[in-house]
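Each position in the sequence shown, counted from 1, maps to that position plus 794 in our numbering.
Note that the Cβ used here is the ideal one computed from N, Cα and C, for glycine as well.
Heads up, the thing below is written out as structure tokens.
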Amino acid sequence: MAADKAAISLEEIKNETVDLERIPIEEVFQQLKCTREGLSSDEGANRLQIFGPNKLEEKKESKFLKFLGFMWNPLSWVMEAAAVMAIALANGDGKPPDWQDFVGIVCLLVINSTISFIEENNAGNAAAALMAGLAPKTKVLRDGKWTEEEAAILVPGDIISIKLGDIIPADARLLEGDPLKVDQSALTGESLPVTRGPGEEVFSGSTCKQGEIEAVVIATGVHTFFGKAAHLVDSTNQVGHFQKVLTAIGNFCICSIAVGMLAEIIVMYPIQHRKYRDGIDNLLVLLIGGIPIAMPTVLSVTMAIGSHRLSQQGAITKRMTAIEEMAGMDVLCSDKTGTLTLNKLSVDKNLIEVFAKGVEKDHVILLAARASRTENQDAIDAAIVGMLADPKEARAGVREVHFLPFNPVDKRTALTYIDADGNWHRASKGAPEQIMTLCNLRDDAKRKVHAIIDKFAERGLRSLAVARQEVPEKTKESAGAPWQFVGLLSLFDPPRHDSAETIPRALHLGVNVKMILGSIQETGRRLGMGTNMYPSASLLGQDKDASIAALPVEELIEKADGFAGVFPEHKYEIVKKLQERKHICGMTGDGVNDAPALKKADIGIAVADATDAARSASDIVLTEPGLSVIISAVLTSRAIFQRMKNYTIYAVSITIRIVFGFMFIALIWKFDFSPFMVLIIAILNDGTIMTISKDRVKPSPLPDSWKLQEIFATGIVLGSYLALMTVIFFWAMKETDFFPDKFGVRHLSHDEMMSALYLQVSIVSQALIFVTRSRSWSFIERPGMLLVCAFVIAQLIATIIAVYADWGFAKVKGIGWGWAGVIWLYSIVFYIPLDVMKFATRYVLSGKAWVNMLENKTAFTTKKDYGKEEREAQWAHAQRTLHGLQPPETSGIFNEKNSYRELSEIAEQAKRRAEVARLRELHTLKGHVESVVKLKGLDIDTIQQHYTV
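Following this line, the structure appears as structure tokens:
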């Protein structure tokens, strides 16, 4: 009976008959039939049946409507117009509607839509499975124990823990503790954080910006404030850069077809007085053959397969188009902890420096442990508490009154506690600068502290300061007696085994890695970084460093190898300044305060174990630690991007080649090519081209981006050449005896010419993909086996059709194997110049052709490295300017970047500085590393091999 009553009351809560937001907190516990000890697992499972999972309702999408959606885009509209033309407008000259072409066009549309639908569905399922692994987690009290569970299992009555960086998983009322600062911008649009104290409500979807507290859940899923608002808001589809590029290429193809059709209409009807039906057939040829109907399918499939490949490497893409931005990234701002280092901290007791009189090193460790969390720890807390013989010593003999958690502004933690005699004390640990300011140290003491910090930094060690204070007022809010600086601890965070190799690798790829450090004195030279490490505050803070004030901040940030003492607001400014210098900027982050910088960056990367807030703000979420994951993702992204770029050049080339090739043949010789045969070319082409999404490609050695000028120019040049090649072939076949005389083949009838022309167009149309897919000679870069097999099968079918087909409706008749061999030979001979034309177009577009020929006179020089002396002089000049040895007025060598090669010169400089720094420190570094490694009991051989010349 009691159970029924409870169930009824829970149903009433589900139906929101009780206002849990405003009633006193004790009544909340009564209404929810729960206590501060949380729910049992069984009770949680029962309530989950009543309230449902803590998720928003997902919109059910009709599979059929989704399928039809793939036929609803500008390129499909053109094909659909062609289908209408085939049955409506082609019904003339006493001939029936062109049902064969109509059925063929519909089949082509259905095939494309089916492939798109299947691949996108598979990609969507794979993405859903991956994103499930990133489902928000929360600390919940069940069966009297704190455990980390998926937020989906929360029910009203659960007790949860909220800390800095958490996205609040459900509507809840706060329990006892310090007030939280909560960012509700996702709900209200208000950008400033609001303060919420004990008893007040916090909403699902808000982000905890400061503080730590427990709360009782009062609403979950669709019953939350966020859940109710979500269905009222329609998601807006923002048109991304990728979509704009697709539209631009599609529009170019449509305009090219329109020009060809207009020319045919003007010449065929008023001038040549051709039959109505013949004109319609010629127009259909341009429409069907010219439209790259497979483009949306090929590009979306390529992106989906690439996204899946990235996830296998440990990088989950939350936004598909982040792949193209990753391919163009030329600057990466990387956190050190967990990315360049292992984030496995250890404390060397022998190196502890004591400043307070009568204090032993053990007591310094004990005070630091008191200022640490004993559960739910971060890496520093775990290292400090791990130094004690028994972790329970951290709270032994004292009663905790109040714990101040770490936040990125104060950069310290503190504990207010009562000892066995009833006296109140505080212990604090944190960044040395903050602790020194707290203790108000004299100048001589500060100098001593800085000297020790410098000594630690030379050995690659971080510093942690410890302070203590008495609290005679015996209240947690009181200021207390003056703080006393107790000591300095050294923290060793070993570099990741791959960092020393990965950073030069990134620089070789044209990605300049800038290290972002939280501590002031830490050096990046240990990790193979360069020597230009600037304190962040000296560049962006109020007190700018006079020694570098003469140079523009943007230029300093661009040339710097890294930044030390970085506050959250500095990260945003660094990204902003780099973007102003036209860099595609990536930023790694893990905390709530990194979120603005992650959102601002072109590619926000949440590292492994990042907070919910950082993951939410990022474009890519890493599931593996280390910088090598990011560099692998860059290479994979460039490969994906290369495939897409290869296809777009191919699509433009084919449009130009079909439109102008068939237009000239139709207008000069009044030869009406069969629309049905163009349809077969299109179907075989599409089947082959689908395999490009899995093609083996060579990633660009430098950052890459959509260059529409290059795509259109290369497409026009190659397409025009192929069109000319087809026109010459037709002229030679129809007007001359060249082929019969030289190869002993017979003269062809009209229908046999149709078959011959079909085969020639089919071969070179598909062979073109091998030219556009390669950066160098097409016969050197080995294509993927799938692409080769598809090409062979398609051309085997095309050749058999040309040799044997006898289709009256399509006006084709078999030409025999002799003519098929001649056409293959002709196609191979005229294929060879395509690579040369590709290189020539790229060279002209680079802007260097005329400069080298007219100004430098190096177009035909045999000198290997022209301009080496000038580059070295520029390098020396830039270094003098950077270090304040030369006025900045003459330092304009990097202000104009006309190509990616110039852009990557900054990365080249960083590479040189890194090598100089590594050699400079080699002998001293090796000794330091060996001593620290031996002290920590690590594998000396593994470490040594990365620090040898």
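According to DSSP, is residue i part of a helix, a strand, or is it coil?
{"i": "F1196", "result": "The sequence shown places His at residue 1196, rather than the Phe named in the question. Of the three classes helix, strand and coil, the one that applies to H1196 here is strand, per DSSP."}
{"i": "W1500", "result": "coil"}
{"i": "S1771", "result": "An answer regarding residue 1771 cannot be provided, because it is not within the stretch 795 to 1743 covered by the chain."}
{"i": "L1121", "result": "According to the sequence as given, residue 1121 is Ala; it is not Leu. Three-state result, A1121: helix."}
{"i": "V1555", "result": "helix"}
{"i": "C1002", "result": "strand"}
{"i": "I1434", "result": "helix"}
{"i": "V1582", "result": "helix"}
{"i": "S955", "result": "strand"}
{"i": "R1375", "result": "coil"}
{"i": "G846", "result": "coil"}
{"i": "H1541", "result": "coil"}
{"i": "K1393", "result": "helix"}
{"i": "Q1037", "result": "helix"}
{"i": "A1349", "result": "Note that residue 1349 is Glu in the sequence shown, not Ala. In the structure shown, E1349 sits in a helix (DSSP, three-state: H, G or I)."}
{"i": "V1260", "result": "strand"}
{"i": "N840", "result": "helix"}
Measuring only the C-alpha atoms, how far is residue i from residue j?
{"i": "E1683", "j": "V1558", "result": "Confidence in E1683 is poor, its pLDDT being 41 and thus under 50, which makes the residue's placement unreliable; the coordinate value appears in the next sentence. Looking at the two C-alpha atoms, the distance is approximately 55 Å."}
{"i": "G1054", "j": "I1074", "result": "13 Å"}
{"i": "E1006", "j": "E1154", "result": "32 Å"}
{"i": "L1392", "j": "P1289", "result": "24 Å"}
{"i": "V1095", "j": "I912", "result": "10 Å"}
{"i": "Q1315", "j": "E1227", "result": "Bear in mind that the predicted position of Q1315 carries a pLDDT of just 46, short of 50, making it unreliable; the figure below should be weighed with that in mind. Using only the alpha carbons, I get a separation of about 10 Å."}
{"i": "V1305", "j": "L1496", "result": "8 Å"}
{"i": "P1390", "j": "H1364", "result": "10 Å"}
{"i": "E821", "j": "I1159", "result": "44 Å"}
{"i": "A1550", "j": "S1572", "result": "26 Å"}
{"i": "I961", "j": "D813", "result": "24 Å"}
{"i": "Y1441", "j": "G898", "result": "24 Å"}
{"i": "F1537", "j": "S1468", "result": "27 Å"}
{"i": "H1544", "j": "V900", "result": "28 Å"}
{"i": "M1123", "j": "H1377", "result": "7 Å"}
Figure out for me which residue from the options has the closest Cα to the Cα of residue i.
{"i": "C1047", "options": "P847, I1074, G1083, K1605", "result": "G1083"}
{"i": "H1291", "options": "A1561, A1259, V1203, L1421", "result": "L1421"}
{"i": "P1577", "options": "W1500, L1416, R1490, G1513", "result": "R1490"}
{"i": "L1040", "options": "V1265, M1438, R1432", "result": "M1438"}
{"i": "M865", "options": "A882, Q894, P891, I909", "result": "I909"}
{"i": "E970", "options": "I1563, R830, T1635", "result": "R830"}
{"i": "V1606", "options": "L1590, P1346, V1472", "result": "V1472"}
{"i": "A1162", "options": "T1115, R1220, Y1366", "result": "R1220"}
Would you mind sorting residue i into buried or exposed? The rule is 16 or more other CB atoms within 10 Å of its CB.
{"i": "C1379", "result": "buried"}
{"i": "Q1037", "result": "exposed"}
{"i": "F1454", "result": "buried"}
{"i": "C1583", "result": "exposed"}
{"i": "T1485", "result": "buried"}
{"i": "V1011", "result": "buried"}
{"i": "Q1503", "result": "exposed"}
{"i": "V1179", "result": "buried"}
{"i": "T941", "result": "exposed"}
{"i": "L1134", "result": "buried"}
{"i": "W1218", "result": "buried"}
{"i": "W1277", "result": "buried"}
So residue i and residue j are supposed to be a Cβ contact under 8 Å. How far apart are they, rounded?
{"i": "K1112", "j": "I1414", "result": "7 Å"}
{"i": "L1209", "j": "A1165", "result": "5 Å"}
{"i": "V1597", "j": "W1618", "result": "Not really, about 11 Å apart at Cβ, beyond 8 Å."}
{"i": "A1147", "j": "G1281", "result": "The sequence given here places Glu at residue 1147; Ala does not occur at that position. Between G1281 and E1147 the Cβ distance is about 6 Å, and since that is below 8 Å, they are a contact."}
{"i": "G991", "j": "P973", "result": "4 Å"}
{"i": "G951", "j": "K1151", "result": "About 53 Å separates the two Cβ atoms, so there is no contact after all."}
{"i": "Q1436", "j": "S1494", "result": "6 Å"}
{"i": "L804", "j": "I844", "result": "5 Å"}
{"i": "I1051", "j": "L1093", "result": "Between L1093 and I1051 the Cβ distance is about 20 Å, and since that is not below 8 Å, they are no contact."}
{"i": "D1480", "j": "A1088", "result": "4 Å"}
{"i": "I947", "j": "E1008", "result": "Actually they are not in contact, since the Cβ atoms of I947 and E1008 sit about 18 Å apart, beyond 8 Å."}
{"i": "V1565", "j": "L1628", "result": "5 Å"}
With a threshold of 7 Å, establish whether the CB of residue i neighbours any heavy atom of the ligand FAD.
{"i": "Y1552", "result": "The model on display carries no ligand, and the ligand FAD is accordingly not part of it."}
Taking CB distances under 8 Å as the criterion, tell me whether residue i reaches chain B.
{"i": "E821", "result": "Within the model displayed, chain B is absent; a lone protein chain is all it includes."}
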